[in-house]
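Engineer: Chains as they are written, first to last, in my numbering: chain A, 14 to 819; chain B, 98 to 391. We treat Cβ as the ideally placed atom computed from N, Cα and C, and that holds for glycine. Bear in mind that the values here come from a model prediction, so they are computed numbers and not experimental data.
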Amino acid sequence: METEAQSPKYIGRYVPQQDSTLKVTGTATYTFDVELPGMLYAKLVTSDRPHAKIVSIDTKESEQVPGVVAVATGKDFNFRIGIYVGDRDILAFDTVRWIGHPIAAVIAETLEAAEEGASKVHVEYEDLPAVFDPREALKPEAPLLHPKLGEYRVSPAFKPIPGTNIANRFKLQRGNVDRAFDECSVIIEDNFSMPYVAHAFMETQNCIGLYRRDGVIEVWSSLQSPFSARYLMAQSLDIPVNNVIIHNTFCGGGFGGKAGLGWEPLVAMLSKKAGHKPVKLILSRKEQFTSAAVREAFYAHVKAGFSKDGKFLAYKATFIMDCGGYGDYTVNVSRTAGYAADGSYDIENLDVESLAVYTNKVPTTAMRGFGYPEGHWVLEQIMDRAASKLGLDPVKIRLINLVRPGESSTGTGERVREDAGNPRKVLETIVKELGIGKEIDKPNEPWMVRARGFALNVKGPSQPPNASGSAIMKFNEDGSIDLLVGTGSFGQGTTTALCMIVAEEFGIPLEKVRVPFDRATDSEAYTWQTVGSRGLFVDGNATLSAIKDAKRRIVDVAKQVFRVPEEDVIISEGKVSVKGRPWLSIKLSDIAAAYTYPEGNAIGGPIIGAGYWTSVLNTYLNPETGQGIPSIFHTFGGTGVEILLNLLTGEIIVERAIQVEDVGRVINRLGVEQQMDGGLVMGMSVSLWEKMQFDQQGWLLNPNFTGYYLARFKDLPKEIKKVALETPQADGPLGARGVGEMVMISVGPAIANAIFNATGVMLNHEPMTPEAVWNALREQKSELLNEAIRGMKEHFRQTEEVMTKQ
Amino acid sequence: MSFGSPYFTLPRFRYEKPDTLEKALSILQENKDDARILAGGVGLLNLMKERLVEAKVLVDIKGIKELHKLEYKKGQGLTIGSTVTLNEILEHPILKQRYTALYQAISTLSDNNLRNRSTLVGDLCEALPWIDSPAPLIAFDASVNITGPEGYRSVKVESFIKGMAEVDLAPVEIVTSITLPEQTDTSRSIYLKFARGTEFGLVNLAVVASNLKKYVDRSVRIVYSAIDTKPVRALEAESVFKEDLPPRDMISRAVEKIRDTIEPMSDNLASGQYRKHLMQVMTYEALTRIFEGA
Chain A
14 METEAQSPKY IGRYVPQQDS TLKVTGTATY TFDVELPGML YAKLVTSDRP HAKIVSIDTK
74 ESEQVPGVVA VATGKDFNFR IGIYVGDRDI LAFDTVRWIG HPIAAVIAET LEAAEEGASK
134 VHVEYEDLPA VFDPREALKP EAPLLHPKLG EYRVSPAFKP IPGTNIANRF KLQRGNVDRA
194 FDECSVIIED NFSMPYVAHA FMETQNCIGL YRRDGVIEVW SSLQSPFSAR YLMAQSLDIP
254 VNNVIIHNTF CGGGFGGKAG LGWEPLVAML SKKAGHKPVK LILSRKEQFT SAAVREAFYA
314 HVKAGFSKDG KFLAYKATFI MDCGGYGDYT VNVSRTAGYA ADGSYDIENL DVESLAVYTN
374 KVPTTAMRGF GYPEGHWVLE QIMDRAASKL GLDPVKIRLI NLVRPGESST GTGERVREDA
434 GNPRKVLETI VKELGIGKEI DKPNEPWMVR ARGFALNVKG PSQPPNASGS AIMKFNEDGS
494 IDLLVGTGSF GQGTTTALCM IVAEEFGIPL EKVRVPFDRA TDSEAYTWQT VGSRGLFVDG
554 NATLSAIKDA KRRIVDVAKQ VFRVPEEDVI ISEGKVSVKG RPWLSIKLSD IAAAYTYPEG
614 NAIGGPIIGA GYWTSVLNTY LNPETGQGIP SIFHTFGGTG VEILLNLLTG EIIVERAIQV
674 EDVGRVINRL GVEQQMDGGL VMGMSVSLWE KMQFDQQGWL LNPNFTGYYL ARFKDLPKEI
734 KKVALETPQA DGPLGARGVG EMVMISVGPA IANAIFNATG VMLNHEPMTP EAVWNALREQ
794 KSELLNEAIR GMKEHFRQTE EVMTKQ
Chain B
98 MSFGSPYFTL PRFRYEKPDT LEKALSILQE NKDDARILAG GVGLLNLMKE RLVEAKVLVD
158 IKGIKELHKL EYKKGQGLTI GSTVTLNEIL EHPILKQRYT ALYQAISTLS DNNLRNRSTL
218 VGDLCEALPW IDSPAPLIAF DASVNITGPE GYRSVKVESF IKGMAEVDLA PVEIVTSITL
278 PEQTDTSRSI YLKFARGTEF GLVNLAVVAS NLKKYVDRSV RIVYSAIDTK PVRALEAESV
338 FKEDLPPRDM ISRAVEKIRD TIEPMSDNLA SGQYRKHLMQ VMTYEALTRI FEGA
């Protein structure tokens, strides 16, 4: 059997997402839209104390509100959950750990009654000392958030330290940094930070639970990873995994915030408490900001040493992740930032300690690219600063230090595979497309500065080494195909790409291949999670394996129909034919269900293909040194920007941007470019403006989009150039690598580098708001600001003279 | 700043939609503090969701025809009824021509969809520090026309806003319109708003000037919002323009006065120090542009 080589019909082309029509017409069904017979509504009661013992919860008044069915409290859920460290309660059962911590849930016949009931639950507290800064929380005298940390269930890759607020400690050790620093002629030592930010997905975390009378739990949920939610839920309730069914409906955005386990156990148990009726919980935007999980705040102290000819010799870093009230995914954020601290560079001596630390703030979790945006914000700025100190340019210093696929190894000691991608070409593409080295037009206004900057990125999925995926494809009577995959669908476009692969491989129109929109874990194929840009790679490989399986079954039947050896059977253009004898050909639809001979007797049957993919190369990391193979691939890329900086106000305007990623092979070009657009805007928004602001008592001051600014259309650059390089990876699906997260990682440091290159001003802390930039200007280059003010007066004076002469 | 709502539902209320001003006034009279006036609803409904405003009766005034008046009379000025939407105001040709600062302020106020619903009077009556309408209205010396059980009265916008979310309006009264006095052919105005990376302006500035070339009749009004709990008029800076000096000296001295006499607030959007810096830069630009166009 073989497939004829010809120019692809779908692969590499611009193909709209298959779910676009339903989405733009407002007819896609999200969990928010799902209504079930007899459904009840739940409303959370949340803490108004940052850290306190719960003395009592009085639910009597609430229970008397007409329509209220029941009120659940922490004592209804006497177990802990958590994907990596089981530090999380479903409703606080002894202690509240942040303002917004859910304490009780009121179940009622209407949302109105549930909300009224929630306002009538009275909680008596006994305040405990609170800590809001993770650097304070590390001190021995700091209040302990989880005194029973030593008793929690912990996944093997993580190391909480009982008796402290450390939820995870990761160490990466390679070479000898202290000795290497002695050989360095340039050493840069500095502090960097990033604030708490929100995922800001359009649909908040909505969830419906139905605890059936037969003991099976059904959940409809706005989530990314139905299978991990299913597993974690079954594990925490101690029931068989197949007794939990997660309905995989449309999900209005995730960005990592809907990975792992959300509110599913809560609504399931509420359903049980409410007499096995379905219970729906919808989060308001405020609840999403204050009672669910967001992105952690990050603090870094780093020391980087370079030889006089620009070789990056030593990197010593301490990362502190402020993980809030519980660790959830953030323990893995700290691990990932630790093992990936060396970015795209070959650094022989590394000493990185990365901590996730509890504080009395909103809990945190994964967010797009986790661990990598943090590390790159620091490292990519260090590269430009070192270049400036060494009298090199930012391109040259990177050329000296970039990893060389096939030769270098990463910080964890993994050899960078020969087909990992082409970081050098990424850099060259940015140089060319951004016009680095070419003269920059000076703005007319003397207080405006035009500048260019760039940063590179690299990222691989952060997942357990044995995380796998599978796919099932079913042929229908007419040769159309239902592709059953478990990857979540929250706007990334993976399912369309998978359908394109199937359509291409069988030579059938794309409309004849679909991933059902309304899926559930009991009727779709397993995949570990939809995170870390792993979907296309893992589920794409599983789909190819399923295609191979289906083809084998087709060939099995066709060789009997044609009476030829199986190697002579060709499947292409929606047909099954015989090599060299084109007159022997039948349509796929003739064989998809069962082949019927002219006499009426049949052979074969409905064709089903099944396949899976698991990495055979990955390992756990050594607990002492962090050495091992954590990723199934690394995608290399970068961002270049041309910005306007207003010296008078500190405003940054991104005028032009270049996004480059070596994606291995483009499956859906439209999908890749949309990710590049989206990643750029999200990267701009997060690095320039977004910040969750807490006051001294731990109250979040901006829990909605009035106070928490997100990029708008007006903030978009005039031009976004998108380049997808294609250095195929042998074990990627058709050579492809993931791209969904990489595209936002280097946006912030590219902007900071542009400002540094033009003014020498260093911006160590996100977000780079106008006021932050103005402050940095005043502190570091007040002469620039004074010049700008003089320039403004001079500029207006000239126009004024023209005016007075009239 | 809104603190966000944990609730999806509105508290229960009675909805009334009278078709005359008299009926509206009598409903208010009956319910007093329990009643609130609903025009566009953009602000009110959110505040009710957040349980920041309690209302047992909502009196929708959109059915009262006389409140939907938008009229310019030469020599008298512009009258904007309380149910006229922001987009309706923007479409009036006189606005851009004679009341440029108000045109610019409304153009930057929220977004096009909300401007189809929001009213200028509603924006003003919300009286939150960062809203856009007060600065240009005060700079144009606009008045608020109010009807109540005692009859009709008119107050200057400048004294109508008494503080944070506080206006000179009794629960039994209705604002029927806002009047902006006629502007002469020598009038110039400008509105500048600094809002990059924020939903609201950190500093909003309106300048309205007339007779710039003849210092005896010269008038310059400079008004800020978003820098304090209520709008701030820069009286000391304004007085600089009463002197017979070259424009560039007046501008510099006015900016110095602003630096020395106004202390803007700090909040979670910006520090007072940064606001003060922005005020100087923006005032310099606004005044220069005003004089350029004189």
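#1: Using a C-beta cutoff of 8 Å, does B/N301 count as contacting chain A?
#2: A/Q672 by DSSP, collapsed to three states: which one?
#3: So what's A/H212 in DSSP terms, helix, strand or just coil?
#4: Tell me the rounded alpha-carbon separation between A/M816 and B/P344.
#5: I'd like to know if A/W787 contacts chain B, where contact means its C-beta is closer than 8 Å to some C-beta of that chain.
#6: Determine whether the Cβ of B/F110 lies closer than 8 Å to any Cβ atom of chain A.
#7: Check each residue of the region 227-253 of chain B: if its Cβ is closer than 9 Å to any Cβ of chain A, include it; give the result in chain order.
#8: What span of residues does the alpha helix (DSSP H) with A/F550 cover, start to end?
#9: Say whether chain A places a C-beta atom closer than 8 Å to the C-beta of B/P361.
#10: Nearest chain A C-beta to B/S307 closer than 8 Å, yes or no?
#11: Residues in the same chain with beta-carbon distance under 6 Å from A/E15, minus the five sequence neighbours each way, listed in chain order, please.
#12: For chain B, check one thing: does any of its Cβ atoms lie closer than 8 Å to the Cβ of A/Y722?
#13: Below 9 Å on C-beta distance, what does A/R298 contact in chain B?
#14: What does A/Y312 pair with, by DSSP beta-bridge criteria?
#15: Go ahead and label A/E393 buried or exposed: buried means 16 or more other beta carbons lie within 10 angstroms of its beta carbon, across all protein chains shown.
#16: Do we get a CB-CB distance below 8 Å when we pair B/S368 with the residues of chain A?
#17: Between which two residues does the beta strand (DSSP E) holding A/P595 run?
#18: Taking 8 Å as the CB-CB limit, is B/N365 close to chain A?
#19: Check whether chain A comes within 8 Å of B/V150, counting only Cβ atoms and requiring the distance to be less than that.
#20: With 16 as the cutoff for other CB atoms within 10 Å, does A/L497 come out buried or exposed?
#21: Nearest CA to the CA of A/G273: which residue from A/G624, A/D341, A/N489?
#22: Would B/R293 pass as an interface residue toward chain A - the criterion being a Cβ-Cβ separation below 8 Å?
#23: Listing by chain order, which chain B residues have their CB less than 7 Å from the CB of A/P783?
#24: Whose CA, out of A/K290, A/I67, A/K271, lies closest to the CA of A/Y54?
#25: Per DSSP, what are the beta-bridge partners of B/V317 in this structure?
#26: Going straight from the alpha carbon of B/S207 to that of B/A292, what length do you get?
#27: In chain order, what residues of the region 307-322 of chain B put their CB closer than 9 Å to some CB of chain A?
#28: If we ignore side chains and look at the alpha-carbon of each, how far apart do A/N797 and A/M695 end up?
#29: If distances are taken between C-alpha atoms only, which option among A/L658, A/A743, A/I413 comes closest to A/M461?
#30: Beta-carbon separation of A/L104 and A/Q218 under 8 Å?
#31: In or out: B/E113 buried (at least 16 other Cβ within 10 Å) or exposed?
#32: At a CB-CB cut-off below 7 Å, which residues of chain A make contact with B/H165?
#33: Do you know whose CA, among B/A383, B/L375, B/T385, lies nearest A/L661's CA?
#34: In the region 337-356 of chain B, which residues sit with their C-beta less than 9 Å from some C-beta in chain A, listed in chain order?
#35: At a Cβ threshold of 8 Å, is A/F45 touching chain B?
#36: Give the DSSP-derived three-state secondary structure of A/W626 in the structure shown.
Structural biologist: Working from what's here:
#1: The count along the second sequence starts at 1 and reaches residue 301 of chain B at position 204. So, not an interface residue.
#2: Taking the first residue of the first sequence as 1, we reach residue 672 of chain A at position 659. Strand, per DSSP.
#3: Taking the first residue of the first sequence as 1, we reach residue 212 of chain A at position 199. In the structure shown, A/H212 sits in coil (DSSP, three-state: anything other than H, G, I, E or B).
#4: Within the first sequence, numbered from 1, the residue matching residue 816 of chain A stands at position 803. Within the second sequence, numbered from 1, the residue matching residue 344 of chain B stands at position 247. Since pLDDT at A/M816 reaches only 49, below the 50 mark, its modelled position is unreliable, and no value is offered.
#5: Stepping through the first sequence from its first residue, residue 787 of chain A is reached at position 774. For A/W787, at least one C-beta of chain B is nearer than 8 Å to its own C-beta.
#6: Translated into positions along the second sequence, residue 110 of chain B becomes position 13. With its beta carbon at least 8 Å from every one in chain A, B/F110 lies outside the interface.
#7: Per Cβ criterion, the list is empty.
#8: As a first step, residue 550 of chain A is located in the first sequence; it is residue number 537 there, counting from the start. For A/F550, the enclosing alpha helix (DSSP H) starts and ends at 548-575.
#9: What you label residue 361 of chain B is simply residue 264 of the second sequence in a count that begins at 1. B/P361 does not count as touching chain A.
#10: Residue numbering aside, residue 307 of chain B sits at position 210 when the second sequence is read from its first letter. Chain A contact via Cβ: absent.
#11: Here residue 15 of chain A corresponds to residue number 2 of the first sequence, with the count starting at 1. A caution first: A/E15 carries a pLDDT of 43, below 50, which makes its placement in the model unreliable, though a value can still be read off. Nothing listed; no residue qualifies.
#12: Along the first sequence, one-based indexing puts residue 722 of chain A at 709. For A/Y722, the nearest beta carbon of chain B is closer than 8 Å to its own beta carbon.
#13: Looking up residue 298 of chain A in the first sequence gives position 285. Simply G101, S102.
#14: Counted from its first residue, the first sequence places residue 312 of chain A at position 299. BP columns for A/Y312 point to A/S206, A/I333.
#15: Translated into the one-based positions of the first sequence, residue 393 of chain A becomes position 380. Burial is judged here by how many other beta carbons sit within 10 angstroms of a residue's own beta carbon; A/E393 has at least 16 and is buried.
#16: Here residue 368 of chain B refers to the residue found at position 271 when the second sequence is read from its first residue. Judged by the 8 Å Cβ criterion, B/S368 is in contact with chain A.
#17: On the first sequence, position 582 is the one that residue 595 of chain A refers to. Looking at the DSSP string, the run of the beta strand (DSSP E) that includes A/P595 is 594-600.
#18: For this step, residue 365 of chain B is matched to residue 268 along the second sequence. Under the 8 Å criterion on CB atoms, B/N365 is classed as interfacial with respect to chain A.
#19: For the purposes of this step, residue 150 of chain B is taken as residue 53 along the second sequence, with counting starting at 1. Among the residues facing chain A, B/V150 is not included, as its CB has no counterpart in that chain under 8 Å away.
#20: Taking the first sequence and counting its residues from 1, one reaches residue 497 of chain A at position 484. A/L497 is buried by the Cβ-count criterion.
#21: Within the first sequence, residue 273 of chain A is the residue found at index 260, counting from 1. Of A/G624, A/D341, A/N489, the residue nearest in Cα terms is A/D341.
#22: Stepping through the second sequence from its first residue, residue 293 of chain B is reached at position 196. Yes, its Cβ sits closer than 8 Å to a Cβ of chain A.
#23: For the purposes of this step, residue 783 of chain A is taken as residue 770 along the first sequence, with counting starting at 1. Chain-order list of chain B residues neighbouring A/P783: R293, G294, by C-beta distance under 7 Å.
#24: As a working mapping, residue 54 of chain A is identified with position 41 in the first sequence. Nearest of A/K290, A/I67, A/K271 to A/Y54, Cα basis: A/K290.
#25: In the second sequence, residue 317 of chain B corresponds to position 220, counting from 1. Paired residue(s): B/A306.
#26: The residue you call residue 207 of chain B lines up with position 110 of the second sequence. The residue you call residue 292 of chain B lines up with position 195 of the second sequence. The alpha-carbon atoms of B/S207 and B/A292 are separated by roughly 11 Å.
#27: From the region 307-322 of chain B, no residue has a Cβ closer than 9 Å to chain A.
#28: For this step, residue 797 of chain A is matched to residue 784 along the first sequence. For this step, residue 695 of chain A is matched to residue 682 along the first sequence. According to the sequence shown, residue 797 of chain A is Leu rather than Asn. The straight-line gap from Cα to Cα measures roughly 30 Å.
#29: In the first sequence, counting from the first residue as 1, residue 461 of chain A sits at position 448. When only C-alpha atoms are compared, the closest one is A/L658.
#30: Within the first sequence, numbered from 1, the residue matching residue 104 of chain A stands at position 91. Within the first sequence, numbered from 1, the residue matching residue 218 of chain A stands at position 205. Cβ distance not < 8 Å, so A/L104 and A/Q218 don't count as in contact.
#31: As a first step, residue 113 of chain B is located in the second sequence; it is residue number 16 there, counting from the start. By the 10 Å Cβ count, B/E113 comes out buried.
#32: Taking the second sequence and counting its residues from 1, one reaches residue 165 of chain B at position 68. Within 7 Å Cβ-Cβ: nothing; B/H165 doesn't reach chain A, min ~28 Å.
#33: Taking the first sequence and counting its residues from 1, the one referred to as residue 661 of chain A is at position 648. Comparing Cα positions, the closest option is B/L375.
#34: Going along the region 337-356 of chain B in chain order, one finds P343, P344, R345, I348, S349 with a Cβ nearer than 9 Å to chain A.
#35: Residue 45 of chain A sits at position 32 when you count from the first residue of the first sequence. No, A/F45 does not count as interfacial toward chain B.
#36: Position 613 of the first sequence holds residue 626 of chain A. Reduced to three states, the DSSP call for A/W626 is strand.
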